[in-house]
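Asker:
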Amino acid sequence: MNPSLLAIHAHPDDESSKGAGTVARYSDAGVRCVLVTATGGEAGDILNPAMDRPEVAENLASIRADELAEAAEIIGFDEVIMLGYRDSGMPDTEPNAHPEAFVNVQFDAALERLVRIVRAERPQVVLGYDEHVRYPHPDHVRVHDLSLELFEAAADAERFPDAGEPWEISSLYAPVFTVRRVETLHTAMLGLGHESPFEQWLERLDGATDEDKDLVHIDITGFHGRARDALRAHRTQVDPDGFWFQVPIDIVEAHYPYEDFELMKTRVDAPGPDDLFAGV
Ligand SMILES: [Zn+2]
Numbered sequence: 001m002n003p004s005l006l007a008i009h010a011h012p013d014d015e016s017s018k019g020a021g022t023v024a025r026y027s028d029a030g031v032r033c034v035l036v037t038a039t040g041g042e043a044g045d046i047l048n049p050a051m052d053r054p055e056v057a058e059n060l061a062s063i064r065a066d067e068l069a070e071a072a073e074i075i076g077f078d079e080v081i082m083l084g085y086r087d088s089g090m091p092d093t094e095p096n097a098h099p100e101a102f103v104n105v106q107f108d109a110a111l112e113r114l115v116r117i118v119r120a121e122r123p124q125v126v127l128g129y130d131e132h133v134r135y136p137h138p139d140h141v142r143v144h145d146l147s148l149e150l151f152e153a154a155a156d157a158e159r160f161p162d163a164g165e166p167w168e169i170s171s172l173y174a175p176v177f178t179v180r181r182v183e184t185l186h187t188a189m190l191g192l193g194h195e196s197p198f199e200q201w202l203e204r205l206d207g208a209t210d211e212d213k214d215l216v217h218i219d220i221t222g223f224h225g226r227a228r229d230a231l232r233a234h235r236t237q238v239d240p241d242g243f244w245f246q247v248p249i250d251i252v253e254a255h256y257p258y259e260d261f262e263l264m265k266t267r268v269d270a271p272g273p274d275d276l277f278a279g280v
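Structure (structure tokens):
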């Protein structure tokens with residue numbers, strides 16, 4: 001069995017902020033890692049003041065594709081497949097009404113493309129999303145819905161019979177920011193006399209817990225640097241002094257060196273607790 005992991009993301013930069021250290025770790029261990037990015041991120045705001053220039057805004061799609069290629073290489077993806085849909089933007093905005101926006105493309109048409117990729121790549125592990133609640137960007141919701149359906153459809157010979165031999169994905173996970181992670185790092189930062197970047201995040205959580213989730217924790221000690229470098233490669237989207245970089249890596253590694261994943265669907269008997277390929 002050749003171990004293989006397929007990560008499905010909505011926009012360029014999501015692959016770097018969600019589970020990048022884990023992919024880097026598996027890539028270094030010899031797992032083939034393939035990235036599918038659904039949209040070009042054309043509706044993204046330029047969040048780095050140094051990059052907020054007219055020529056950047058005019059060429060955002062091609063600049064973001066270059067940033068994505070750079071980030072994917074840093075993380076260790078073997079291949080990047082861009083589906084080429086348009087970024088749907090947020091509800092009630094102009095990009096959201098565009099006929100080629102990811103949310104406006106026929107669901108089964110997008111699903112067939114993913115089924116075809118899965119049947120060709122034959123990954124045991126697929127990363128999708130569980131972002132209905134916390135980050136209701138329409139493109140993220142779409143990836144959530146598609147990845148759940150993909151788990152069933154790729155294995156079903158009667159669905160998309162022209163898209164390749166059926167393939168049973170072993171486990172579908174979603175990278176998640178757990179309450180435990182946010183609270184642990186928040187407490188660590190305050191305890192060491194630093195400001196915590198998680199104040200507002202904790203307010204938004206509003207009593208949420210991780211208890212309803214089946215979680216897998218991947219220790220990415222030694223890989224945080226690569227994940228952050230990948231995020232920094234998204235120069236237009238990421239402020240190098242911003243939120244993502246405010247907890248020093250040595251503090252993260254001392255207090256919560258994990259990326260957390262929610263088990264969404266599985267066909268194996270004993271998934272988890274510290275390996276996405278457990279039971280495969
Ligand atoms: Zn996104």
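The numbering used here puts the sequence shown at residues 1 to 280.
We put the CB at the ideal spot given by N, CA and C, even for glycine.
Between which two residues does the alpha helix (DSSP H) carrying T187 extend?
Answerer: Working through the sequence shown from its first residue, we reach residue 187 at position 187. Element bounds for T187: V179 to G191.
Asker: Buried or exposed: which applies to S88, given that a residue is buried once 16 or more other Cβ atoms fall within 10 Å of its Cβ?
Answerer: The count along the sequence shown starts at 1 and reaches residue 88 at position 88. With 16 or more other Cβ atoms within 10 Å, it is buried.
Asker: E79 to R116, Cα distance in whole Å?
Answerer: Walking along the sequence shown from the start, residue 79 turns up at place 79. Walking along the sequence shown from the start, residue 116 turns up at place 116. Our two residues, E79 and R116, have alpha carbons roughly 15 Å apart in a direct line.
Asker: Quick one, which of G272, I63 and K265 has its alpha-carbon nearest I169's?
Answerer: Here residue 169 is taken as the residue at index 169 of the sequence shown, counted from 1. It is K265.
Asker: Can you give the beta carbon distance from V31 to L5, rounded, assuming they're within the 8 Å contact cut?
Answerer: Taking the sequence shown and counting its residues from 1, one reaches residue 31 at position 31. Taking the sequence shown and counting its residues from 1, one reaches residue 5 at position 5. Contact holds; Cβ gap of about 5 Å.
Asker: May I have the straight-line CA-CA distance separating V118 from V216, to the nearest angstrom?
Answerer: Stepping through the sequence shown from its first residue, residue 118 is reached at position 118. Stepping through the sequence shown from its first residue, residue 216 is reached at position 216. Roughly 23 Å between the two C-alpha positions.
Asker: With a threshold of 7 Å (Cβ to nearest heavy atom), would H140 be considered close to ligand 1?
Answerer: Counting from one through the sequence shown, the residue named residue 140 turns up at place 140. Yes.
Asker: Can you check which of these residues, T184, R226, G193 and V179, is closest to G207 by C-alpha distance?
Answerer: Locating residue 207 in the sequence shown gives position 207, counting from the first residue. For G207, the nearest C-alpha among the options comes from V179.
Asker: Does the beta carbon of H11 fall short of 7 Å from some heavy atom of ligand 1?
Answerer: Sequence index remark: in the sequence shown, residue 11 carries index 11 (1-based). At least one heavy atom of ligand 1 lies less than 7 Å from the C-beta of H11.
Asker: Would you mind reading off the limits of the beta strand (DSSP E) that contains H9?
Answerer: In the sequence shown, residue 9 corresponds to position 9, counting from 1. Per DSSP, H9 belongs to the beta strand (DSSP E) from S4 to H9.
Asker: Applying the criterion that 16 or more other CB atoms from any shown protein chain within 10 Å of the CB defines a buried residue, is E165 buried or exposed?
Answerer: As a working note, residue 165 is residue 165 in the sequence shown. Result: exposed.
Asker: Give the secondary structure of P175 by DSSP, where H, G and I count as helix, E and B as strand, and everything else as coil.
Answerer: Within the sequence shown, numbered from 1, the residue matching residue 175 stands at position 175. Three-state DSSP puts P175 in a strand.
Asker: Can you name the residues that DSSP bridges to D13?
Answerer: Translated into the one-based positions of the sequence shown, residue 13 becomes position 13. None, per the DSSP bridge assignment.
Asker: Hey, could you find the ends of the alpha helix (DSSP H) I75 is sitting in?
Answerer: For the purposes of this step, residue 75 is identified with residue 75 of the sequence shown, where counting begins at 1. Segment L60 to I75, the alpha helix (DSSP H) holding I75.
Asker: Is it true that the CB of H234 sits closer than 8 Å to the CB of D52?
Answerer: Sequence index remark: in the sequence shown, residue 52 carries index 52 (1-based). Sequence index remark: in the sequence shown, residue 234 carries index 234 (1-based). For D52 and H234, no; Cβs fall outside 8 Å.
Asker: Hey, how far is the Cα of V141 from the Cα of L190?
Answerer: The residue you call residue 141 lines up with position 141 of the sequence shown. The residue you call residue 190 lines up with position 190 of the sequence shown. Cα to Cα, the separation comes out at about 34 Å.
Asker: Fully enclosed by the stretch 88 to 143, which beta strand (DSSP E) runs are 3 residues long or longer?
Answerer: 125 to 127
Asker: Is D239 near ligand 1, judged by its Cβ being under 7 Å from some heavy atom?
Answerer: Numbered from its first residue, the sequence shown carries residue 239 at position 239. Because no heavy atom of ligand 1 lies under 7 Å away, the Cβ of D239 does not count as near it: no.
Asker: With a CB to CB cut of under 7 Å and the five nearest residues on each side skipped, what residues in its chain are close to E121?
Answerer: Taking the first residue of the sequence shown as position 1, residue 121 is located at position 121. Result list for E121: S4, L6 and V34, in chain order.
Asker: Is the beta carbon of P138 less than 8 Å from the beta carbon of P91?
Answerer: The count along the sequence shown starts at 1 and reaches residue 138 at position 138. The count along the sequence shown starts at 1 and reaches residue 91 at position 91. Yes. Within cutoff.
Asker: Would you mind sorting P175 into buried or exposed? The rule is 16 or more other CB atoms within 10 Å of its CB.
Answerer: The residue labelled residue 175 in the question sits at position 175 within the sequence shown. So P175 ends up on the buried side.
Asker: What residue from L205, A227, K18 and L83 has the CA that sits closest to G40's CA?
Answerer: In the sequence shown, counting from the first residue as 1, residue 40 sits at position 40. It is L83 whose Cα lies nearest to the Cα of G40.
Asker: Taking D66 as the reference, give the member of L231, E262 and D239 with the closest Cα.
Answerer: As a first step, residue 66 is located in the sequence shown; it is residue number 66 there, counting from the start. When each option's Cα is compared against that of D66, the closest is L231.
Asker: Determine the direct distance from the alpha carbon of D250 to that of L192, and round the result to whole angstroms.
Answerer: Walking along the sequence shown from the start, residue 192 turns up at place 192. Walking along the sequence shown from the start, residue 250 turns up at place 250. For L192 and D250, the distance between alpha carbons rounds to 12 Å.
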